[in-house]
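Here is the structure we will look at, set down as structure tokens.
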Amino acid sequence: GDTLKNYLLGHGVLRCEECMALLSPILDSLVVIHDRGFIHRDISPDNIMLQPDGTARLLDMGAAVDVKNSKGRASMLVIKRNFSAPEQYMESETLGSWTDVYAMGATIYYCLTGKVVPEALERGVRNTPLYYDPDLNIPRHVTIALNDALKLQAGCRIRDMREFKRRLSGPEEPAGQKDDGAEVEIAPEQDQIHRTGRRGKRNALIAVGALCVLCVLAVLFYAFRDSGSAAGSEVESTAVAEAGQTNVPAGQRADDGGAPEEKTVEEPTAAQNEQETAGASKYVDVDEAELIYQETKEGNGIMLREYIGKDSYIRLPDEVEGLPVLELGVFFFSQHETLEGVVLPEKVEYLGWFTLAKCTNLKEVELPKDLETIGENSFSECPGLRRIELPEGLKSIQDQVFEGSGLEEITIPSSVEFLGVGSAILQIPQVKIAEGNQRFKMRDGLIYKDGNELAAVPQWIEGKFVISPEINAIGGNAFYRTSLTEVEIPGSVRVVKPKAFSEGHRLETVKLGEGVEELGYHCFAGCESLREIMIPRSVRTIDFNAFKGCVNLKTVTVSKDCQIDEDAFDPGVEINYYD
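Each residue of the sequence shown is one higher than the last, beginning at 1 in full-length UniProt numbering.
Encoded structure:
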């Protein structure tokens, strides 16, 4: 895909309905992120990626802040000129959802007008008004919403993303009134976005009926639990951990469709029965009333957005309201205090950002066989998680998925085509790549992609590192948080990909050989010790935030033909040009 910024530069502004159709899912995702106490802090058109299917995805949660626990304070300033709110420039100011509202407002303003909002501090000094070209036919309710989202004083600004989306969606009307004066009942905004399985009286009656059935089943269960039923005592513990697999009666196998076995089944011991029954009973099925969910954008399934129950071992439903569960939203289980084990729905294809992040008591996860993508930080900071089996068919493992987890071993399936975790994957003591994987190989403790791209280097390496001339690219996050102080990159390397050396706090010197052409976004971001970098004439592109946070970098020299993003370097870096 391409960034939204590049698309707009090539195709021009978006019509209002196009803009809202494209960015509404991002607004919804930010609602969930904010509800969990986080803010993004780095929203802009160059941080939104357009996917091949026409959807948009907000990138880079690396600057996200837990404002709930930090009381609205951030340890490091993150500023994007023309998109950052005024409070982001001052350490003393409190950040919150309103901070992201400003950035999202500036992004939508850019999409609709083709112009950036003047820098926040400049607006405060010059009192520069926002301008909307009448020829663009931007609806009045949209310009009013944008003006209120871009207020310089945080207290006067639209406070949250849910309200911002509502204001953008249509002109405000008196409660319970349409334009024609007819009275209507207006559902709360949250109910329109987050359905909880209760649709009017019909679903209420269904819920009551289901509760009665459950009560009857519970009575029957306790009545017959101690009756010595063979079916209840001979359930294999592994069957319980597999989504969609039912208990297997004695004399039958799980993989033969229920056909009788020819050999005699040995009677399990009392100890085995007790252990297996305990394993079976610890997982409880989640009721729809414990879930917040909505239909997917395509309308072919359900996205689960939040689990509000408190059980420790749970099995999520495969279907909700007759539709298959296909996605788990961002922060779905994040910071859940009691969760220890979960069986995910069998048809889920995508795990959103931070799905199970910071579930400190999590020990067991069964992933669905149809899973294709594990989103950023999905299992980060889960110290109790020791083992996880990734399914064959998995295609993409994104940034920082397992960072800070307690995993002791992992096998990358042969189907994986994208491995964005970089160096963090090698924090796991035993990493294997399944035979048959055509993209990734391990040699001498390093991971390579397609033979010549260096994809992951252990974080513990330190001192000087000279990259082999056989390498033609450095993968995203390949050297993330390594302890290197100096690195030499040969001219055989054409591309240093996004975040390749990010957060390398000890890195002081970088030497790029003649032949390097592209420095991706955030490739050296957060390398605060970096003082010297040799950028050869061959470098033609330096992407946004490539050297963001390199506070000790004072001067660089580049080719006059080099395309440098306006946010590639921190303010104050002197840029010189070769003769």
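Note that beta-carbon positions come from the ideal geometry of N, C-alpha and C, so glycine has one too.
Inter-residue spacing [alpha-carbon to alpha-carbon] between residue i and residue j
i           : j    : result
W460        : T482 : 6 Å
residue 611 : P25  : No information on residue 611 is available, as it lies outside the stretch 1 to 579 that the chain covers here.
E462        : P139 : 56 Å
F479        : V421 : 10 Å
R531        : V365 : 44 Å
A149        : L446 : 47 Å
I410        : K432 : 6 Å
T557        : G393 : 46 Å
A500        : G375 : 18 Å
I308        : L454 : 42 Å
L385        : P571 : 42 Å
K441        : R15  : 46 Å
F544        : G170 : 34 Å
L390        : G549 : 35 Å
C19         : C562 : 31 Å
D565        : K363 : 44 Å
A145        : S44  : 18 Å
V457        : I412 : 16 Å
G436        : Q153 : 57 Å
D311        : I39  : 28 Å
F402        : L426 : 10 Å
I292        : R159 : 23 Å
G406        : Q430 : 12 Å
L344        : V284 : 12 Å
T296        : C523 : 34 Å
R494        : T485 : 22 Å
L23         : A56  : 7 Å
Buried versus exposed call for residue i [16 or more other C-beta atoms within 10 Å across all chains shown]
i           : result
E346        : buried
A230        : At A230, the pLDDT of 36 sits below 50, so the modelled position is not reliable; the number obtained from the coordinates is stated separately. Result: exposed.
T555        : exposed
R41         : buried
P469        : exposed
Q335        : buried
P498        : buried
R225        : Residue placement at R225 cannot be trusted, given a pLDDT of 40 that sits under 50; what the coordinates show is reported in the next sentence. Under this definition R225 is an exposed residue.
Q88         : buried
Q400        : buried
Q398        : buried
T128        : exposed
residue 580 : As displayed, the chain neither begins before 1 nor continues past 579, which places residue 580 out of reach and without an answer.
K464        : exposed
P188        : With a pLDDT of only 31 at P188, under the threshold of 50, the placement of this residue in the model should not be trusted; the figure read from the coordinates follows. Classification of P188: exposed, given that the 10 Å Cβ count is below 16.
G520        : buried
H11         : exposed
K165        : buried
G96         : buried
E261        : Since pLDDT at E261 reaches only 39, below the 50 mark, its modelled position is unreliable, and the value read off the structure follows with that caveat. That one is exposed.
K560        : exposed
M161        : buried
G299        : exposed
Proximity to residue i [Cα-Cα], best of the options
i    : options                : result
G329 : Y283, D285, N377       : N377
G301 : E462, K441, I43, G322  : G322
L9   : I33, D46, L23          : D46
D567 : A56, G404, K80         : K80
G105 : G12, V117, F332        : V117
Q438 : L168, P86, S415        : S415
V487 : C527, K449, N452       : C527
A424 : K395, N361, G504       : G504
V286 : E306, E295, K115, L23  : E306
Y313 : E337, V325, F331, L121 : E337
K395 : T373, S405, G404       : T373
T355 : M303, L426, Y577       : M303
G451 : V466, A434, I474       : I474
L419 : F332, G476, A85, M534  : G476
E508 : V493, S529, V496, H522 : S529
Y578 : I33, C523, A525, M534  : M534
V142 : R123, L121, E119, C111 : C111
At least 3 beta-carbon pairs within less than 8 Å: the stretch 379-386 vs the stretch 55-65: No, because fewer than three Cβ pairs between the stretch 379-386 and the stretch 55-65 fall closer than 8 Å, the two stretches do not touch.
Inside the stretch 354-409 only - alpha helix (DSSP H) runs reaching at least 4 residues: With a minimum length of 4 residues, no continuous alpha helix (DSSP H) run stays inside the stretch 354-409.
Contact the stretch 121-133 vs the stretch 44-52: 3+ CB pairs below 8 Å: Touching, no, given that fewer than three Cβ pairs across the two stretches are closer than 8 Å.
Given 8 Å, three or more beta-carbon pairs between the stretch 507-522 and the stretch 537-548: Yes, the stretch 507-522 is in contact with the stretch 537-548.
Contained beta strand (DSSP E) runs [length at least 3] in the stretch 322-354, N- to C-terminal order: Within the stretch 322-354, the complete beta strand (DSSP E) runs of at least 3 residues are 323-328, 341-343.
Residue ranges of each beta strand (DSSP E) within the stretch 494-563, 3 or longer: List check, beta strand (DSSP E) in window: 509-512, 532-534, 555-558.
Beta strand (DSSP E) runs wholly inside the stretch 466-498, at least 3 long, in chain order: Here the runs fully enclosed are 483-489.
Whole alpha helix (DSSP H) elements within the stretch 106-163, 4-residue minimum: Runs of the alpha helix (DSSP H) inside the stretch 106-163: 120-126, 140-149.
Complete runs of the beta strand (DSSP E) confined to the stretch 407-470 [at least 3 residues]: Correct list: 409-412, 430-433, 440-443, 446-449, 453-456, 462-466.
Whole beta strand (DSSP E) elements within the stretch 290-315, 3-residue minimum: List check, beta strand (DSSP E) in window: 291-295, 302-307, 313-315.
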